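Participant: Just add 759 to wherever you are in the sequence shown, counting from 1, and you've got this note's numbering. Beta carbons: idealized from backbone N, C-alpha and C, even for Gly. Just so it is clear, the structure is predicted and the values come from calculations on it, not from any experiment. One structure follows; several queries about it will come next.
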Amino acid sequence: MSSSGRYRRPKATPEPIPLDGSACITSIRSCPDDPARVSIRVGRQRVGRVLIETRVRHGLEVGTPWTEALAEAIGEELARGNAYRAAIRILTKRAKSSGELRRKLREYKYEADAIEWAIERLTELRVLNDEEYARMVVRSQLSRKPAGRRLLSGKLREKGIEQSIIDLVLDEALEERDPLADARKLAQQAARSISDRHAPEVRVRRITGRLARRGFDFDVIRRVVDELDLR
(Lines of atoms letter the chains of each structure in order from A and count residues from 1; the text may use other names and numbers.)
(Lines give C-alpha, C1' and ligand atoms only; values in the text may rest on other atoms or scores of the structure.)
Protein backbone atom coordinates (compact mmCIF):
# COMPACT_ATOMS: atom_id res chain seq x y z
CA MET A 1 0.00 0.00 0.00
CA SER A 2 1.51 3.37 -1.02
CA SER A 3 1.21 6.63 0.94
CA SER A 4 -1.61 7.66 -1.40
CA GLY A 5 -3.61 4.59 -0.40
CA ARG A 6 -3.19 2.85 -3.74
CA TYR A 7 -1.96 -0.71 -3.92
CA ARG A 8 1.35 -1.14 -5.66
CA ARG A 9 2.30 -4.52 -6.99
CA PRO A 10 5.77 -5.52 -5.75
CA LYS A 11 8.44 -5.68 -8.39
CA ALA A 12 9.00 -9.17 -9.69
CA THR A 13 12.40 -10.76 -9.12
CA PRO A 14 14.16 -11.06 -12.49
CA GLU A 15 14.49 -14.58 -13.82
CA PRO A 16 18.09 -15.84 -13.95
CA ILE A 17 19.63 -15.38 -17.37
CA PRO A 18 20.12 -18.78 -19.04
CA LEU A 19 23.79 -19.64 -19.48
CA ASP A 20 23.38 -22.28 -22.18
CA GLY A 21 23.61 -19.82 -25.07
CA SER A 22 19.85 -19.65 -25.62
CA ALA A 23 19.88 -16.00 -24.43
CA CYS A 24 21.90 -13.39 -26.23
CA ILE A 25 23.03 -9.80 -25.94
CA THR A 26 20.14 -7.58 -26.99
CA SER A 27 21.61 -4.12 -26.46
CA ILE A 28 25.01 -2.45 -26.29
CA ARG A 29 24.82 1.28 -25.59
CA SER A 30 27.45 3.90 -24.92
CA CYS A 31 27.46 5.55 -21.48
CA PRO A 32 27.18 9.36 -21.78
CA ASP A 33 28.75 9.85 -18.35
CA ASP A 34 31.60 7.40 -19.04
CA PRO A 35 32.72 7.28 -22.69
CA ALA A 36 35.18 4.47 -21.95
CA ARG A 37 32.32 2.06 -21.13
CA VAL A 38 29.26 0.55 -22.74
CA SER A 39 26.10 -0.76 -21.06
CA ILE A 40 25.10 -4.33 -21.90
CA ARG A 41 21.69 -5.99 -21.76
CA VAL A 42 20.93 -9.65 -22.16
CA GLY A 43 17.25 -10.16 -22.95
CA ARG A 44 15.51 -7.48 -20.90
CA GLN A 45 18.06 -7.50 -18.10
CA ARG A 46 20.89 -5.04 -17.72
CA VAL A 47 24.12 -6.93 -17.05
CA GLY A 48 26.28 -3.89 -16.33
CA ARG A 49 28.86 -1.54 -17.76
CA VAL A 50 32.06 -2.85 -19.27
CA LEU A 51 35.08 -1.18 -20.78
CA ILE A 52 35.13 -0.81 -24.56
CA GLU A 53 38.35 -2.84 -24.56
CA THR A 54 36.42 -5.63 -22.82
CA ARG A 55 33.81 -5.53 -25.56
CA VAL A 56 36.51 -5.78 -28.21
CA ARG A 57 38.43 -8.54 -26.39
CA HIS A 58 35.35 -10.76 -26.07
CA GLY A 59 33.85 -9.79 -29.41
CA LEU A 60 30.62 -8.60 -27.82
CA GLU A 61 27.90 -7.66 -30.29
CA VAL A 62 24.13 -7.62 -30.33
CA GLY A 63 23.22 -11.25 -30.87
CA THR A 64 26.29 -12.71 -29.11
CA PRO A 65 25.14 -15.84 -27.20
CA TRP A 66 25.31 -15.49 -23.41
CA THR A 67 27.22 -18.54 -22.22
CA GLU A 68 28.47 -19.61 -18.82
CA ALA A 69 32.08 -18.87 -19.79
CA LEU A 70 31.18 -15.40 -21.09
CA ALA A 71 29.05 -14.61 -18.01
CA GLU A 72 31.93 -15.63 -15.73
CA ALA A 73 34.46 -13.50 -17.64
CA ILE A 74 32.22 -10.45 -17.72
CA GLY A 75 31.25 -10.93 -14.07
CA GLU A 76 34.90 -10.97 -13.07
CA GLU A 77 35.59 -7.77 -14.98
CA LEU A 78 32.52 -6.08 -13.51
CA ALA A 79 33.65 -7.02 -9.99
CA ARG A 80 37.13 -5.65 -10.70
CA GLY A 81 35.71 -2.45 -12.13
CA ASN A 82 33.43 -1.94 -9.13
CA ALA A 83 36.31 -2.43 -6.68
CA TYR A 84 38.54 -0.13 -8.72
CA ARG A 85 36.01 2.70 -8.84
CA ALA A 86 35.33 2.32 -5.12
CA ALA A 87 39.07 2.53 -4.45
CA ILE A 88 39.32 5.72 -6.50
CA ARG A 89 36.46 7.28 -4.52
CA ILE A 90 38.16 6.35 -1.24
CA LEU A 91 41.53 7.75 -2.32
CA THR A 92 39.93 10.94 -3.60
CA LYS A 93 38.75 11.70 -0.07
CA ARG A 94 42.02 10.84 1.65
CA ALA A 95 45.40 9.30 0.85
CA LYS A 96 45.84 5.74 2.10
CA SER A 97 48.35 2.93 2.04
CA SER A 98 47.59 -0.22 0.08
CA GLY A 99 46.95 -2.00 3.39
CA GLU A 100 44.43 0.60 4.55
CA LEU A 101 42.72 0.57 1.18
CA ARG A 102 42.53 -3.23 1.24
CA ARG A 103 40.88 -3.16 4.69
CA LYS A 104 38.38 -0.53 3.56
CA LEU A 105 37.37 -2.45 0.45
CA ARG A 106 36.96 -5.61 2.51
CA GLU A 107 34.63 -3.69 4.83
CA TYR A 108 32.55 -2.83 1.76
CA LYS A 109 32.38 -6.57 0.90
CA TYR A 110 34.17 -6.45 -2.44
CA GLU A 111 35.55 -9.77 -3.66
CA ALA A 112 39.11 -10.57 -2.63
CA ASP A 113 40.35 -11.15 -6.20
CA ALA A 114 38.80 -7.86 -7.36
CA ILE A 115 40.40 -5.98 -4.46
CA GLU A 116 43.86 -7.33 -5.24
CA TRP A 117 43.43 -6.52 -8.92
CA ALA A 118 42.38 -2.94 -8.12
CA ILE A 119 45.31 -2.44 -5.74
CA GLU A 120 47.77 -3.86 -8.25
CA ARG A 121 46.40 -1.62 -10.99
CA LEU A 122 46.53 1.51 -8.81
CA THR A 123 50.08 0.66 -7.76
CA GLU A 124 51.12 0.28 -11.42
CA LEU A 125 49.63 3.72 -12.11
CA ARG A 126 51.42 5.06 -9.00
CA VAL A 127 48.14 6.30 -7.59
CA LEU A 128 49.08 4.04 -4.69
CA ASN A 129 52.66 4.37 -3.47
CA ASP A 130 53.36 2.97 -0.03
CA GLU A 131 56.89 4.41 0.15
CA GLU A 132 55.73 7.96 -0.52
CA TYR A 133 52.76 7.55 1.78
CA ALA A 134 55.02 6.29 4.59
CA ARG A 135 57.35 9.27 4.10
CA MET A 136 54.38 11.61 4.34
CA VAL A 137 53.21 9.99 7.60
CA VAL A 138 56.69 10.24 9.13
CA ARG A 139 57.11 13.87 8.07
CA SER A 140 53.75 14.70 9.61
CA GLN A 141 54.63 13.02 12.90
CA LEU A 142 58.04 14.68 13.17
CA SER A 143 56.68 18.10 12.25
CA ARG A 144 54.44 18.04 15.33
CA LYS A 145 57.02 17.01 17.90
CA PRO A 146 60.11 14.78 18.16
CA ALA A 147 59.48 11.03 18.01
CA GLY A 148 61.51 7.88 18.33
CA ARG A 149 61.80 5.06 15.85
CA ARG A 150 59.54 2.77 17.88
CA LEU A 151 56.55 5.12 17.71
CA LEU A 152 57.05 5.86 14.01
CA SER A 153 57.40 2.18 13.19
CA GLY A 154 54.20 1.40 15.09
CA LYS A 155 52.28 4.15 13.27
CA LEU A 156 53.32 2.75 9.91
CA ARG A 157 52.50 -0.84 10.86
CA GLU A 158 49.01 0.31 11.91
CA LYS A 159 48.59 1.67 8.40
CA GLY A 160 49.50 -1.66 6.83
CA ILE A 161 52.96 -0.69 5.56
CA GLU A 162 55.30 -3.62 4.93
CA GLN A 163 58.29 -3.92 7.28
CA SER A 164 60.84 -3.57 4.47
CA ILE A 165 59.32 -0.21 3.50
CA ILE A 166 59.16 0.86 7.16
CA ASP A 167 62.86 0.13 7.61
CA LEU A 168 63.79 1.97 4.40
CA VAL A 169 61.72 5.08 5.17
CA LEU A 170 62.80 5.34 8.82
CA ASP A 171 66.46 4.87 7.93
CA GLU A 172 66.10 7.82 5.56
CA ALA A 173 64.06 10.00 7.91
CA LEU A 174 66.19 9.44 11.02
CA GLU A 175 69.61 9.32 9.38
CA GLU A 176 70.48 12.92 10.21
CA ARG A 177 68.49 13.19 13.43
CA ASP A 178 69.99 12.77 16.88
CA PRO A 179 67.58 10.77 19.06
CA LEU A 180 69.28 12.11 22.19
CA ALA A 181 68.77 15.71 21.08
CA ASP A 182 65.17 15.04 20.07
CA ALA A 183 64.40 13.36 23.39
CA ARG A 184 66.16 16.13 25.30
CA LYS A 185 64.02 18.79 23.59
CA LEU A 186 60.82 16.92 24.41
CA ALA A 187 61.93 16.29 28.00
CA GLN A 188 62.69 19.96 28.56
CA GLN A 189 59.24 20.89 27.26
CA ALA A 190 57.68 18.31 29.56
CA ALA A 191 59.68 19.51 32.55
CA ARG A 192 58.46 23.07 32.07
CA SER A 193 54.85 21.90 32.01
CA ILE A 194 55.12 19.93 35.28
CA SER A 195 54.89 21.96 38.45
CA ASP A 196 57.92 22.09 40.77
CA ARG A 197 55.50 21.33 43.60
CA HIS A 198 55.48 17.69 42.54
CA ALA A 199 58.00 15.37 44.14
CA PRO A 200 61.09 14.61 42.02
CA GLU A 201 60.06 10.99 41.50
CA VAL A 202 56.67 12.13 40.19
CA ARG A 203 58.30 14.51 37.72
CA VAL A 204 60.72 11.78 36.60
CA ARG A 205 57.87 9.32 36.13
CA ARG A 206 55.81 11.75 34.07
CA ILE A 207 58.69 12.82 31.85
CA THR A 208 59.76 9.20 31.38
CA GLY A 209 56.20 8.26 30.41
CA ARG A 210 55.95 11.10 27.92
CA LEU A 211 59.22 10.14 26.23
CA ALA A 212 58.23 6.47 26.17
CA ARG A 213 54.91 7.29 24.53
CA ARG A 214 56.81 9.18 21.84
CA GLY A 215 58.74 6.02 21.05
CA PHE A 216 62.20 6.73 22.47
CA ASP A 217 64.39 3.84 23.62
CA PHE A 218 64.89 3.28 27.33
CA ASP A 219 68.64 4.03 27.20
CA VAL A 220 67.95 7.40 25.57
CA ILE A 221 65.22 8.21 28.10
CA ARG A 222 67.47 7.33 31.03
CA ARG A 223 70.31 9.53 29.81
CA VAL A 224 68.03 12.49 29.18
CA VAL A 225 66.29 12.22 32.55
CA ASP A 226 69.67 11.97 34.30
CA GLU A 227 70.79 15.15 32.52
CA LEU A 228 67.77 17.04 33.85
CA ASP A 229 68.86 16.19 37.41
CA LEU A 230 65.33 16.07 38.80
CA ARG A 231 66.04 13.58 41.55
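Measure from the alpha carbon of proline 777 to the alpha carbon of each residue in Ala854, Asp793, Val797, Gln804, then state which is nearest.
Facilitator: Locating residue 777 in the sequence shown gives position 18, where the first residue counts as 1. It is Gln804 whose Cα lies nearest to the Cα of proline 777.
Participant: Quick one: what does DSSP say serine 798 is sitting in, helix, strand or coil?
Facilitator: Translated into the one-based positions of the sequence shown, residue 798 becomes position 39. Serine 798: strand per DSSP, three-state reduction.
Participant: Specify the secondary structure class of threonine 785 as computed by DSSP and reduced to three states.
Facilitator: Along the sequence shown, one-based indexing puts residue 785 at 26. Looking at threonine 785 - three-state DSSP - the assignment turns out to be strand.
Participant: Counting along the chain, where does the beta strand (DSSP E) carrying arginine 805 start and finish?
Facilitator: Working through the sequence shown from its first residue, we reach residue 805 at position 46. 804-810 is the span of the beta strand (DSSP E), which, as asked, contains arginine 805.
Participant: By how many angstroms is the C-alpha of valine 821 removed from the C-alpha of methionine 760?
Facilitator: What you label residue 760 is simply residue 1 of the sequence shown in a count that begins at 1. What you label residue 821 is simply residue 62 of the sequence shown in a count that begins at 1. Low local confidence applies: a pLDDT of 49 at methionine 760 is under 50, so the model's placement there is unreliable, and no value is given.
Participant: Which residues mark the beginning and the end of the alpha helix (DSSP H) in which proline 824 is found?
Facilitator: Mapped onto the sequence shown, residue 824 falls at position 65. First-last for proline 824: 824-826, but that is the beta strand (DSSP E), not the alpha helix (DSSP H).
Participant: Indicate whether leucine 860 and alanine 846 have their beta-carbon atoms separated by less than 8 Å.
Facilitator: Residue 860 sits at position 101 when you count from the first residue of the sequence shown. Residue 846 sits at position 87 when you count from the first residue of the sequence shown. Yes, Cβ-Cβ distance for leucine 860 and alanine 846 is below 8 Å.
Participant: If you compare alpha carbons, which of Glu883, Pro938, Leu887 is closest to arginine 909?
Facilitator: Taking the first residue of the sequence shown as position 1, residue 909 is located at position 150. Here the closest residue by C-alpha is Pro938.
Participant: Do arginine 800 and isoleucine 811 come within 8 Å of each other at the CB atom, strictly closer than that value?
Facilitator: The sequence position of residue 811 within the sequence shown is 52, counting from 1. The sequence position of residue 800 within the sequence shown is 41, counting from 1. No. Outside cutoff.
Participant: If you draw a straight line from the alpha carbon of asparagine 841 to that of glutamate 891, how long is it in whole angstroms?
Facilitator: As a position in the sequence shown, residue 841 is number 82, starting the count at 1. As a position in the sequence shown, residue 891 is number 132, starting the count at 1. Each residue's Cα considered, the two are about 26 Å apart.
Participant: Does the contact criterion of 3 or more C-beta pairs under 8 Å hold for the segment 911-921 versus the segment 873-885?
Facilitator: No: the two stretches stay apart, fewer than three of their Cβ pairs being nearer than 8 Å.
Participant: Which class does aspartate 955 belong to by DSSP, given the choice of helix, strand or coil?
Facilitator: By 1-based counting over the sequence shown, the position of residue 955 is 196. If DSSP states are grouped into helix, strand and coil, aspartate 955 belongs with coil.
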